[in-house]
Each structure stands twice: as C-alpha cells, then as structure tokens.
Amino acid sequence: MVGYVCKYTPVEIIEAFGEKPVRIESGCKSYERAEALLHTNTCSFVKGVLENIIENNIEEVILTSCCDSIKRLYDVLKERLKFIYILDLPRKKDTFAVDVFYKEIIKFIDAYKAFKNKGFAIENFLKILEDKSSFRKMQEPSESIAILGARLKDDVVEKIKNSCSVNIINFTCTGEDRIFNIESEDNLLKGYAASLLNLTPCMRMAEDRSKFFNKDFKGIIYNTIKFCDYYSYEYAEMKSQFNIPFLKIETDYTDSNSGQILTRIAAFFEATDIKKMEQKKAKKGYFAGIDSGSTSTNVVIIDENKNIISYSIIPTGPKALESAFKAFEIALNNAGIKEKDITSIVATGYGRVSIPFADKMVTEITCHGKGAFFIDNRVRTVIDIGGQDSKVIRLDESGNVIDFVMNDKCSAGTGRFLEVMSRTLGISINEMAKVHAEVKENITITSMCTVFAESEVISLIAQNKDQRDIIHALNKSVASKAVSLVDRIGRKGKYMMTGGVAKNQGVVSAIESKLGEKLVIPAEPQIIGALGAALIAFEGTNG
Amino acid sequence: MDVVRFYSNIIKRNMDKPEKINKLINFGLTTAYYYVSIFKDKRGPNSLHYLTKYCIKSIKDSLENPQNSAWVNIFSPCEFLIALDIKPLFIEAYSSFMSGFFIEDYLIDTAESRGIANTLCSYHKTFIGANELKILKKPEFMLTTSSICDANVPTFRYLSKKQNVPLYIIDVPYKYSKEAVAYVKNQLIEMVENLEEVFKRKLDLDKLREVVKIENKTRTLINKYLNYLKEKTLLVPMTFEMYMLFASHIFIGSKEMLKFYEMLLDDIKNAPPRSGKSIFFVHLLPIFEKNFQDYFNFSNKFHIAGSDLNFDYLDEIDEKDPFRGIAEKLILNTFNGEMERKVTRIRELIEKIKPDGIIQFCHLGCKQSIGGTFIIKDLATKMGIPFLYLDGDCVDKRNNQVGQNRTRLEAFLEML
Ligand code: SF4
Ligand code: SF4
Ligand code: SF4
C-alpha cells in the first residue's frame, strides 16, 4: 500500500505497479506524537496525517509539493519511512510546466522501481487509464450543492450527502472525477502528466478559479481548515459576490469536531429550504422542546395556545440522556401533567441525537431563531452566548433564519471564559455578573485566547488593579468577540441576547455600548432554544 | 516614543478617510527620513545610517509614485525592475513600517473582518488591510514568486483582483532540474514582456547585465563580510539586520546597495574585536518585541550574529544569460525546496560565524519556517550550540506574550 494525500498524485502509476494507493485521512483524537515532530501551529490536517502514518505504520508515502505544511511533513518523514517521495507539482500548466511534471513522474517511476525491485508495465498503465476514462457522469449545477474550499473528510461528505436529497459536488482535494485525455500512445506519460495538471485547479494553482464556479449552484458550503490560510481569500471574495445560500465551516480534522459541523450543515439546509421539514396532521395537547446543550439542559412545555406552562434548567451531566430525562421530568412535574399528555417532542442542542423519546430533531440555530422571534417579532439578530459556544443568528421579517455564524472551536468569548476568569479573580460568577458601571481605569485585555487572557488577568492582579476595572475589561473582551461575530453577518437591529451570559449585566451593557443599541433580554434567556423546539413541535403537528 | 503614538492615534481616528491617511503616512515617512538624515544615531556605524535612510526613501518613493511602481514580495527578481527603472514596493517591508507606526492592529483587524484567515502571516494581513481601506494608491503592476511561502500567490492574486492591476506570478519549482530552469526562464521572459507593455518601455539587455554584474560584485562583498563576523562585532539594533533585506534582496544590483556593502565592510574591518555573546537568528528578528529590544539593540553584551535570510543565496549569477542565471538563483535559494538545503546553509553559516547561541523566533502564521523548527533544533544539538525557539509575531504586537517570553529568553541568555 502507498499512502498519498493530493489529488494530483499519479495514483494510476501506483496501480500499474500492482500496488494499492490509499488516500491518507487524518481523523485522530490527539496530535501528541505529531506535535513532537511538528510545531503546534502547523495545519491540523498535516498533523493528523502524521499521526496516522505513525499509528498505522504506513511505510510508503508519496506527497506533492502542495504547501508549506506538506513540504515540512516531507522533511520530517524523510528519514523515517522506507519509501517517501515528494513530487514537484508546478502551479501552471503550460508546456514548460508539463515538462517539469512529466520528468518528475518519470523520476518517481524510477525511484519506485528501484525500491520495489520490480518493473513498470506500460500496458497495465494504459489499461487502467482506459477503464477510468470510460464512464463519466455529468452533474447539473443548478440542482447541486457545491463543496468548495479545503479538503473535507470523506465521512463528513458522506453524511452531508445522506442528510439532503440534492446532489453534492465535492470540489475539494478529496473529490475529483479523474478524466484522462490520452490521445497519442507514443507519449502516454506526457499526456498523462498534462491531464493531471488540467484537473479543476485547486487553490494552490496559479490560475484564477472563479471561472470554474459559476453561480448556478443551489448552495455552496465552503470549508476552511485551521492554520490553512489558502482558502480564506477565496472565501472573502466569494461571500460578497454570490447571491446563493453560502455556508462557511471550519474543520480542524479531529474526530471531535464533526458533530458541530453537521449541526451547522443541517441548519443550513433547514434555513435554505434544501431539506423540507416533514409536516404532520394537527393534534391537540401539550408540546415539549428539549434543548440538550453542552452546559445546561433546558425543557419548555407549551399548550395548544402557545402559552409556556412550565420550564426547567439543569446542568448537563456527563450523560446527556440522563440529564434530558431529568429536566423533562421536572418540567412535567412543574406543569402538573404526565408524559402521555405530551403530543409531540422536539429535541435540539448538541445532545439532540441521543434523546430517543423525541419525535424529531432540529438544530439549535433554527430553534433559537424561532424562540426569539416568538418572544419579540421585531428581533432581526439573536446573539446567543452559552457556556461553551456562541452564535449569532439573522432573522428576516417573518422570523426565518437567513444567516448565522458560530464561534470557532475555542472558548474565547463564552460563558466558560467568564467562569475561568472568575476563578482567577477568586470571586463567584454571580458576583462577577453583578458589578458594573463606575469604571476608574479603562483597561483592555488584548488576548482573545482564554489561556493568554488568564495570564494577563494574573498580571493585572499583580499590578494591584481595581477588581471592578478588571471585570469591566473582561466584559468588554467578551462583548467585542460577540460584536465581531455580529459584524461577520452585518449589523441589524433589534438585537436579542439569549443564553446564560445574557444574565450578566456587565456583558450586556458592554455589548450595548459597542452596538449603540439596547438589547432585548428575555425574562429567562436560557430557555429560548427549548422554547423554539416546543414551537416547532407545535407547528409540526398543527401546521 | 510618544510622538509616534500620538501620530498613530491621529491615523487611527481618520481611517475612514483614505486620502488623508495616505498623506499622513507619506508625511510620517518624510519626517522619519529627515529625522534620520539630521539626527544620526551615534551608537551605530555609518553603514547603518546610510541603509536606514535608503530604506525609508525607497518606500516613500514607490508610495509617492504609484504610476511608476510595482508591488512585489521579498523574493521577487527585482533586477528587471531596477534595469527598467521601476520602483518596487515590497509588501513585507510596508507592513513592518505600519507596525512601526503602531497601526498594524487596525489594518489586521480590517483584513480579518473581510474574511481573511486570522492565522495568516501578519506581514500579509497588514498589507491586505491597508489595501482594503484604500490607503494605498494602486500601482501599475504586481509581481510575486510562489516561493518562499504559501501566502504569496493568494495574497497577490487577491490584491490584483481587488485593485484590478495586472499581476505576474513566477512559479518557482521545488526541485532543481534543467526542465525547472527552462520553466522559470520562460516565465521571466513572459514577465518582462508584460512589464514592457504596462510601463511602455523596453528592457535594455545591457543594462540588465550591468545590474547582474553589480549584484555579483555585491555578493563578493557579502561573502567577505561573513568572514569577519567570527572575530568582529558591530553595535547595531535588530532593525539593521531587517533593513539589510532591502540590500540583500529587493535592491541588490543597484549601485546604492553596492555602496552600502562597501561601507559595511569598512565598518566591520574597523570594529572592535568580538566580545560578549553573539546570537544567530533563524529567519526573522522580532524588531518590535520588547524583551528582544532590551537585550539586543546596540548591546555589547548580546549581539546579533546575523540571520540566514540575508545569506540565502551566495553564488554568482551568469552574466551572459541573466534570464537563466536569475532563474537558477530563484530555484536554488536555500529557503526553497527541501529543508535540507536550509539546514546545510545554516550549518555553513554557523561554522563561519561561530555564534554562542541560535534563536528562532517563530513568527505566528509562518508555516514554512515553524514547520522546520525541530529540524533546526536537531542541527543545533548536533553542533553543540544552545538553541531557543519562541513564539510570537514580528508585526502584530498583540501576539507577543512579553511576560512569558521574558523568562524563557532570560533563562536562555543566562545559560550561555
Ligand atoms: S491543495 Fe491542491 S496540491 Fe494541495 S493537496 Fe489539495 S489538490 Fe493537492
Ligand atoms: S489543508 Fe491547507 S495547509 Fe493543510 S495540507 Fe491542505 S493545503 Fe496544506
Ligand atoms: S514570515 Fe513567513 S509566512 Fe510571512 S511572508 Fe515571510 S515567509 Fe511568508
């Protein structure tokens, strides 16, 4: 088996050698071994590949001179593997470039021949090419969703395909139909080199890609990878140009991350009507929404007139399901009804998939939007700051979600951030939420990262700064993170703030002063997602 | 420097008026130019004084004459521009100056708010931010190489689309071969054709040969200078080593830079014998980092033994076929290709200079460099020289954990 990562790899040559080319994926739990060899700030995909090579004892690898991270991966692997080759891949495709690549392929064949001590049969190669070129299916852009940007893991692509009924075209490094234009047999390898260079250009190529992505797609999912900067440029350009639904995701190539990604994609499909919500016949009774979040589990029960008759908020324990049961039970008790009285249950939040007694699952994005609009139909922007994540949701005049952003996988600007800081300051989180106004010194915390900010706070304490001023600085820091999320989808009032942090007066007023507008704070900001879920349960059965 | 802070506040307050910012920046550069011309820093050698003036002037010139200027990256073959009398503005230097004016944070935030990755190198983010805010007048041409880092091609492509200015990308292959040389040579020819068309003038081959001749002469001086570093030291600030990039890269081949190296050679010949500890820097120097400023600027206790970036190509260029010669120079640069090349060069330099320690300042976002940190560390261990790497940012001061870095840097220096 020969491991590879790049779509420009001459895999057909490897096959002609009678070897099996395997694209190395990079799902792993930690980068412990990789980070002993590569600096932490290397692209997470490359670190994952390195982990994978070590873990699975992959002995033969072929790379291309794709990017700085891959080049350094080569340097690190060079003395460690039985066979490793890096192909010099030109960024252009003129005849000089083809010459360079063609020579590289020949050199690779020679190196591999020498290593394996076996010959390379050109007939095998020709046969493989003919087989691959014989079928080709066209996909209609207007009926498809395009995945663009950085490589996306196969399993995530699969899951996306399964979660909607439209066509998915994967334009990233992991998805290309290989079509070869081999005219003359006399210079088969050169024609092959030219065909490879003529694949739909990836971001790294010199050519301008915009002409390849017409505007006919039903939607675009744009993937970026942490510490890979290539794609942000194209994203920055595209997002302002296109009028079609556009979703940006950032993957970090660890296993833990795909749940969040799928949530966002599902919400995207819901918001863009790509996946129609199934509708049931009307029934009367009570309706429950369960929001199983990473920090708290909240339940709301409404009646057939959409009155909230009870709710519960409990911290999420290690088992999401148990917490969901408990919260549901409390809410039922508060309402004085039994489970059989409930007509329909909708689950939302991170833990929604693990709640078997729910009739339906909807993402927290849609639910938050629904709940917020229900409480105040002037709201166009929902700022939700929870324990571990934050998001901003844009609603239209009818309360539909039309855009949203979530924070990157990092606790900066969330409840968790404030919690860590309250511990550093040695006061309770409630106390921290109370203090506001009367600022003596306007301190600014520069680091966004929780760890770095913590050391800043420690040094502020050491400098004997007033505790209230430090708290004020922390509130400003959370507020600026939130407002920068708002800015990513553009400002539009009225704003509603939801989630646990909305109870923190200091943060609320810091956000208000940045936005220059009062926020709507619901009486119980933590239950808006669950309320939305309950409303969807109601509509699903009555609509 | 409170004057600078005051000035930076004025700039920041006017960010919505690009015309005004443009003028303010030109004014700042002019002031800086007259300041260094009149108040010569007595602590430093003559060559430092000369080079500082030249660098400020070159940036000023290209900003003030956009109709005769081209934006380039530091590895662009500017020999052609010099021969055609076009003023290059190299974007890394511009960003560095903006950090000197204390406005890099604003520019970086602007770039990020448009969707540019926050993990991108701040030399590029700062420049993109300035471009987004339209405080840069558009040049006539843009030129980049694909070396040394991933940021170049996409940044320039982005800039050229935004400004609607023609761009030429020189793709520099990873490996050296005769096909690779032909590939680059052909691109250089194409690029010159584009330049001739845009600037409406013809390249005089003899003039190009002359530039290459001066470049070769300059390199002989660079090699001579290297031989002195073992025994002599100049008291200089970190900026000197960074300003030297103007001389060893963008403007090499100009008479002025030849003169600079002549002066430098004089200065080092007359410098006192080496005393104190001398530190070799891998890649970049953090000129705005407080600890480093305290420890290294004009210090005779710890001084700067050089950076490999100023010695990334030390050979002659073929004067008969400058297109081919320059193509070879681009491919064989020690920062291009396998890490092994860079390691070999650093080993040579260390053997020549014999520094007491090596520091790699891992500039956030610079994947090409940080990816090789542990390989350089291995080299240092094998050569028995103490090695330290620190994370931080050469442009965006917010990314420097001054407190944490202080302990590590001090412990390292104590160790020597
Ligand atoms: S970005 Fe391009 S060169 Fe790099 S791995 Fe993907 S397809 Fe290959
Ligand atoms: S994700 Fe980006 S940085 Fe990582 S290997 Fe691919 S192109 Fe390189
Ligand atoms: S510091 Fe690194 S990433 Fe930034 S421009 Fe230089 S080589 Fe590129």
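Protein chains in written order, with the working numbering: chain W, -17 to 525; chain E, -16 to 399.
Using N, Cα and C, we set each Cβ at its ideal position, and we do this for glycine too.
None of the values given here were measured: they were computed from a predicted structure.
Cβ-heavy atom distance, residue i to ligand 2, below 7 Å
i	result
Val28 (chain W)	yes
Arg133 (chain W)	yes
Cys345 (chain E)	no
Ser129 (chain E)	no
Ile35 (chain W)	no
Cys132 (chain E)	no
Beta-carbon spacing of residue i, residue j below 8 Å
i	j	result
Glu401 (chain W)	Tyr141 (chain E)	no
Val194 (chain E)	Ile65 (chain E)	yes
Ile68 (chain W)	Gly(-15) (chain W)	no
Val167 (chain E)	Leu31 (chain E)	no
Gln370 (chain W)	Arg405 (chain W)	no
Ser231 (chain E)	Ile270 (chain E)	no
Thr128 (chain E)	Leu313 (chain E)	yes
Tyr106 (chain E)	Met246 (chain E)	no
Val460 (chain W)	Lys496 (chain W)	no
Arg391 (chain E)	Leu373 (chain E)	yes
Lys200 (chain W)	Leu517 (chain W)	no
Glu47 (chain E)	Asn9 (chain E)	yes
Met403 (chain W)	Glu436 (chain W)	yes
Ile(-7) (chain E)	Tyr16 (chain E)	no
Thr46 (chain W)	Tyr(-10) (chain W)	yes
Ala16 (chain W)	Val281 (chain W)	no
Beta-ladder partner(s) of residue i, from DSSP
i	result
Ile327 (chain W)	W:Ala270
Val281 (chain W)	W:Ile272, W:Ser294
Ala128 (chain W)	W:Ile151, W:Ile202
Ile233 (chain E)	None; Ile233 (chain E) has no bridge partner.
Cys232 (chain W)	First, the amino acid is wrong: residue 232 (chain W) is Glu here, not Cys. Paired residue(s): W:Thr206.
Val4 (chain W)	W:Gly(-15)
Val374 (chain W)	W:Ile365, W:Val387
Proximity test, residue i beta-carbon vs ligand 1 heavy atom, cut-off 7 Å
i	result
Thr35 (chain E)	no
Thr46 (chain W)	yes
Leu71 (chain W)	yes
Met185 (chain W)	yes
Val(-13) (chain W)	yes
Tyr13 (chain W)	no
Ligand 3 heavy atom lying under 7 Å from the CB of residue i
i	result
Ser352 (chain E)	yes
Glu87 (chain E)	no
Tyr106 (chain E)	yes
Cys349 (chain E)	yes
Glu323 (chain E)	no
Glu95 (chain E)	no
* Three CB pairs or more closer than 8 Å across the region 141 to 154 of chain W and the region 22 to 42 of chain W -> no
* To do: Using a Cβ-Cβ cut-off of less than 9 Å, list which residues of the region 122 to 150 of chain E approach chain W; keep chain order.
  => Ser129, Ile131, Cys132, Asp133, Ala134, Val136, Pro137, Thr138, Arg140, Tyr141, Lys144, Lys145
* To do: Report the residues of the region 21 to 48 of chain W with a CB closer than 8 Å to any CB of chain E, ordered along the chain.
  => His21, Asn23, Thr24, Cys25, Ser47
* Quick one, which residues of the region 70 to 84 of chain W are near chain E if we go by CB-CB under 7 Å, in chain order? -> Asp70, Pro72, Arg73, Lys74, Phe78, Ala79, Asp81, Val82
* Listed in chain order, which residues of the region 430 to 457 of chain W have Cβ atoms closer than 8 Å to some Cβ of chain E? -> Phe434, Ser437, Ser441
* the region 151 to 164 of chain E: positions lying closer than 8 Å to chain W by Cβ -> Ile152, Asp154, Pro156, Tyr157, Lys158, Ser160, Glu162, Ala163
* Check distances from the C-beta atoms of the region 186 to 198 of chain W to those of chain E and list, in chain order, the residues that come in under 9 Å. => Arg186, Met187, Ala188, Asp190, Ser192
* the region 132 to 150 of chain W: which residues have C-beta closer than 8 Å to a C-beta of chain E, in chain order? -> none
* **chain W contacts from the region 220 to 236 of chain E (Cβ-Cβ distance under 8 Å)** => none
* Between the region 53 to 67 of chain W and chain E, which residues of the former have a C-beta closer than 9 Å to a C-beta of the latter? -> Lys53, Arg54, Leu55, Tyr56, Asp57, Val58, Lys60
* Asked: For the region 168 to 185 of chain E, which residues have a CB atom closer than 7 Å to at least one CB atom of chain W, in sequence order?
  -> Asn169
* Hey, is the region 251 to 263 of chain E in contact with the region 328 to 339 of chain E, meaning 3+ C-beta pairs nearer than 8 Å? -> yes
* Any 3 or more C-beta pairs closer than 8 Å across the region 70 to 86 of chain E and the region 150 to 170 of chain E -> no
* Asked: Just checking, does the region 465 to 477 of chain W make contact with the region 373 to 388 of chain W on the three C-beta pairs under 8 Å criterion?
  -> yes
* Please name the residues in the region 341 to 374 of chain E whose beta-carbon is closer than 9 Å to at least one beta-carbon of chain W, in chain order. => Cys345, Leu347, Gly348, Cys349, Lys350, Gln351, Ser352, Ile353, Gly354, Gly355, Thr356, Phe357, Ile358, Tyr372, Asp374
* Asked: Three or more beta-carbon pairs under 8 Å between the region 283 to 301 of chain W and the region 337 to 345 of chain W, yes or no?
  -> no
* Counting pairs of beta carbons, one from the region 280 to 291 of chain E and one from the region 132 to 141 of chain E, are three or more of them closer than 8 Å? -> no
* If you measure beta-carbon to beta-carbon, which residues of the region 88 to 116 of chain E are closer than 7 Å to chain W? -> Ser96, Arg97, Gly98, Ile99, Ala100, Thr102, Leu103
* According to a CB-to-CB cut-off of less than 8 Å, which residues of the region 300 to 325 of chain E neighbour chain W? -> Glu321, Met322, Glu323
* Got a sec: which bits of the region 88 to 119 of chain W sit with their beta carbon under 9 Å from any beta carbon on chain E, in order along the chain? -> Lys89
* Asked: Given 8 Å as the limit, is there contact between the region -4 to 12 of chain E and the region 80 to 92 of chain E, that is, 3 or more CB pairs closer than that?
  -> yes
* Asked: Would you say the region 94 to 110 of chain W touches the region 167 to 184 of chain E, given that touching needs at least three Cβ pairs under 8 Å?
  -> no
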